[in-house]
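Beneath this line is the structure, given in structure tokens, with notes to follow.
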Amino acid sequence: MSNANCQIKNTKRIVFTLFCFIFLVFLNKVEGEVVAFDSKAIRGQARDLWADIIIGQPDFSETAEWATVSDKVWNPGGVVIDRSSSPNKIYVWDSGNNRILGFDLDKCFQKDSQDRCGADIIIGQSDGYSSGCNRDSGHQNHPDRPIASANSLCGLPEFEKSPGEGGSSVSMAVDNEGSLYVPDFHNNRVLKYIKPFETDTTADEIWGQDDFSQNLPNKGLGIPNAESFSFYPFGNEVAGVEMDSDGYLWVADKGNNRVLRFAPGSKTADLVLGQVDFSSRVAGSQLNQLNRPAAVRVRGQGDNKQVFVADFRNGRVLVFKTPFQNGMQGEIFGSGFHRVSGIEFDSQGEGVWINDTRDAGKGLIELWNNQGTELLKFLGSQTYAPYQGERYDSFGNGFFKENYGSLGISSSGDICTATRWGDVYSQMDTSHNLLCFKAPLASGGTGKFADISFFYPPGKANFTTRNEIGSVKSIVAVDNQLIVADYGRVLFWNGLSSLSSGKLADGVINYDQLGNFSVSMAENDFKIRDSNFWDTALTSDKSHHLYVLNFAGWRSNPLEILIYNLPLQEGDQVYKKISFPIPFLGGGEFNPQGNFEVGGIAATDDGEFLWITESDASRVVRIRNPLGENPVADVVIGQDNINAKSCNKGLYPCDGHWCAPPESHFSRTASTLCLPGLIKLDNFGNLYVSDNSIETRGNKRLMIYSSNSFPTGNTTTIFGVEAIKIIDRIEPLQPAFDSQNHMVVGFNPFRNRLDAGLADCPETFGAGACHFTAIYQNVLGDSISPDGYLNDFFIHPYVAAFDENDNLYIGDMNRARVLVYNQPFFSGDNPPVCDKLDADANDDGLANLADFEIW
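If you count the sequence shown from 1, you need to add 19 to reach our numbering.
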């Protein structure tokens, strides 16, 4: 809407101003839901501030990356083999999908190498396509956690900030009768399943909670006791359980830095290792202390037992021998470990297997003799070296990356492990997989490939389909299409008014066999995640053009902008491509460096100008004539010349890609930027810049630049533009504006400040940040605080857009979903909402009673 709508003179202006004021008051009254948070989700009702439709997931309880199926996993961590039966059974902890998959081992060993192995039983979910933590990863009953049950599991909590990197790993156990014991990680409990292949998948017994519905660490008491566990926090670590030959249950209670023993039939521990008593939880490195113990295994029986403990953060294995007593000292077993996450006794009696989860690409599975004095065999590398402090950015030639948790050892000596990330030199994609090495295994080291892969091909997490999303990078809702940038592809849905939850996408833009980014509706093309189209950002103009900012891969070049005609139709090719470098107006070259953080692109309605963010150069640049033959860069925000690329104009020293100036630093001015990210234009042509980018970079503030600062006929490049308003200390993501210029914006959960303008954001368990999308009735007014929040809990409300009917679309990036709100604000014949800076009658910048004349 033009500002001219609010520039009315004399009596008309007075009446109009009065109407605008009354309407603003009306919004604050009628839209009382804006300021009142309701924890009970209501779906399908306009203007209640709950999302009505979900795209990219089957329903509001699901948040998994891609599609959950019974023959793929997401962030697995830990396996165990039941050798009490023939054929053996194998279980894998599928943490991202909050379940355990069980398989007939012989069936999977005999399959064709190009087939995946489908689960025979599923524990924790009602079917092979569901994945919710306690059946609701959407956290729809915030602030309460989803209620646990005997039929649910939680490997990836509903509040996890980085689901792709989070989850959990476990060291599971099976007793001699074939019953399964599981540390249900984010429910802080241990569950027993009596012979699940023969009976059912409902838990039969519980330790650590008073009943099956509870799930808080240490039962919510804050300190441990002899009946509680705390497996939280640090979900990329491991919790473990063991059942010894005498019926004693042992638990690696990693959050409390201890190992507990429970006598048969008891739910109260009678022995603690790593602590002097049952109420202590301090971590330490002495021989009577533990630091995040991950696994426990017991050898022997009666009065002749050895308890092996994987002391994860101390990088060692401790052995405790009878007679046992609280707080006793252990003995060192083996050497040269980094992060021991699993211990197993060889089924052939050769020794003790250690799962040493090292930094990326350097993990080893090692067989030591029974005394821990000699390394006999190892898997995962062509050569052995003890851990020497390698860092994750020093990639080795190893086979395993993040193969946390217990190992599976079959009756014949086969070794199986679950892996999260792919290896360096394998002939198969080992990411998100279960791998087995068949016996006999040669002495010494082997860099051989795994013999059996359960979940490949294809590689990567879960399964790519046409209706589930992997990550929402950008969205637009225009020309009756919802268009979503996903990892490796761009999806679109036709008919905005016909959208429904879980609806299949109608088409995809992907990299075809001829090297073109073409539009397709063919079923097989939806399954492609192409590295040439890995990270993208979208915008559109009102001249029916879609702009796709494409940067292929991890911080790689070249960056390019692909332009399509709208609406997208099958067979469409790129209408125009902007390749870099392009000239700066007045001299020099603009050659933005592509990286996964860029993210910002915004076109003016007429398509005459296009803004993009060059994050690592700490600048936002305007491109003139993007649809023409000779586009040029003609405005630079954040720097004073074309060669300057430092955070806050070099006034704040930092290490380049990662930088976060303190809030009080003098370099944070109205004309500086530091690693900016997402951008948006409002209805008046004002530019909004998120002066920060994921995960914890930048100045964490929202910058607003007036459209009056951007002339259209400049003859040289403009620098030194200052923001007219700054909303500080909030770490905003991408804002969106409806037709009345109401703004919604979400916040980065890693670092925003609840004590700085977001103090009224609803509290979140385990978060410490605002997870709710804010509503600003008039962001151009004086206030810097939100007028309220949408009701839905978000992890990363990364991008947002309104369609022409004022329906709102928010992309919850890391939870792989788009939430659709049917006209969340005023509906019907909307009266104009004034830009307060231009519409007040007495020109004092405010629309209030001082503007009114009484007749």
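Glycine included, every Cβ here is placed at the ideal spot set by N, Cα and C.
TODO: Output the residue ranges of the beta strand (DSSP E) runs that lie fully inside the region 527 to 565 and measure 3 residues or longer, sorted by chain position.
DONE: 536 to 539, 554 to 559
TODO: Could you tell me which of F729, G647, D624 sits nearest to H563, measuring between CA atoms?
DONE: D624
Open item on the list: Does V301 pass the burial test, meaning 16 or more other C-beta atoms within 10 Å, or should it be called exposed?
Closed with: exposed
Task: Reference V764, options Q796, S520, K744, E741, closest by Cα - done: Q796
Task: Closest Cα partner of K561 within the set D806, V495, F331 - done: V495
Open item on the list: Between A70 and Y724, how many whole angstroms is the CB-CB distance? I'm expecting something under 8 Å.
Closed with: The pair is not a contact, with the Cβ atoms about 31 Å apart (cut-off 8 Å).
TODO: Please state whether DSSP places S190 in a helix, a strand or coil.
DONE: strand
Task: Residue nearest to S89 in terms of C-alpha spacing, selected from N107, N452, Q588, T402 - done: N452
Task: Same chain only: Cβ atoms within 6 Å of S758, ignoring 5 sequence neighbours per side - done: D825
Task: Cross-strand partners of K420 (DSSP beta bridge) - done: W440
- [ ] Run the CB neighbour count on S187, radius 10 Å, all protein chains shown included, and call it buried at 16 or more, exposed below.
- [x] buried
Task: Local conformation of K324 per DSSP, three classes - done: strand
- [ ] In angstroms with no decimal places, state the Cα-to-Cα distance between V527 and F545.
- [x] 6 Å
TODO: Assign P236 to one of three DSSP states: helix, strand, or coil.
DONE: helix
- [ ] Whole angstroms is fine: what's the gap from S665's alpha carbon to A622's?
- [x] 25 Å
Open item on the list: Can you check which of these residues, P751, C435, I488, is closest to D78 by C-alpha distance?
Closed with: I488
Task: Bridge partners - T632, DSSP secondary structure assignment - done: V639
- [ ] Can you have a look at L240 and say buried or exposed, based on whether 16 or more other CB atoms are within 10 angstroms of its CB?
- [x] exposed
- [ ] Report the rounded CA-to-CA distance for S80 versus C152, giving the unit in angstroms.
- [x] 9 Å
TODO: Would you mind working out which of V111, V567, D272, P312 sits nearest G227, comparing C-alpha positions?
DONE: D272
Open item on the list: Taking 9 Å as the threshold (C-beta atoms), are S366 and G432 in contact?
Closed with: yes
Open item on the list: If I measure Cβ to Cβ from V111 and keep anything under 6 Å in the same chain, skipping five residues before and after, which residues do I get?
Closed with: P95, V98, L120, A437, L453
Task: Minimum C-alpha distance to P645 - residue among T558, D591, T691, S690 - done: T558
TODO: Would you please state the rounded distance, in angstroms, between the beta carbons of A819 and L827? I believe it to be under 8 Å.
DONE: 7 Å
Task: Reduced DSSP secondary structure (H/G/I, E/B, other) of R316 - done: strand
Task: Best match in I582, G717, S105, E179 for proximity to P680 [C-alpha to C-alpha] - done: G717
Task: F369 versus E363: straight-line alpha-carbon distance, rounded - done: For clarity, residue 369 is Glu in the given sequence; the question names Phe instead. Roughly 11 Å separates the two Cα atoms.
Task: Residues of its chain near Y251, where Cβ-Cβ distance is below 7 Å and the 5 sequence neighbours each way are ignored - done: H205, N207, P236, G274
- [ ] With hydrogens ignored, establish whether the beta-carbon of I803 is closer than 8 Å to any heavy atom of the ligand COA.
- [x] As far as ligands go, the structure on display features none, and thus does not contain the ligand COA.
Open item on the list: If you reduce the DSSP assignment to three classes, tell me which class N849 lands in.
Closed with: Legend: pLDDT at N849 = 43, less than 50; position of this residue unreliable, no value from coordinates given.
TODO: Please determine if the region 188 to 198 and the region 142 to 149 are in contact, where contact requires at least 3 C-beta pairs separated by less than 8 Å.
DONE: no
Open item on the list: Looking only at its chain, what residues have a beta carbon closer than 8 Å to the beta carbon of L515, apart from the 5 residues adjacent to it on each side?
Closed with: A496, N499, Q500, L501, D822, N824, N826
Open item on the list: With distance defined between alpha-carbon atoms, name the residue in K396, P843, A245 nearest to S285.
Closed with: A245
Open item on the list: Checking the sheet assignment: what are the DSSP bridge partners for R716?
Closed with: S712
Open item on the list: Let me make sure I understand the geometry here. Which of S539, Q64, R836, F812 has the alpha-carbon closest to that of E164?
Closed with: The sequence shown places Arg at residue 164, rather than the Glu named in the question. Cα-wise, what sits closest to R164 is F812.
TODO: Using alpha carbons as the reference points, say which of I166, V509, R439, S520 lies closest to A480.
DONE: R439
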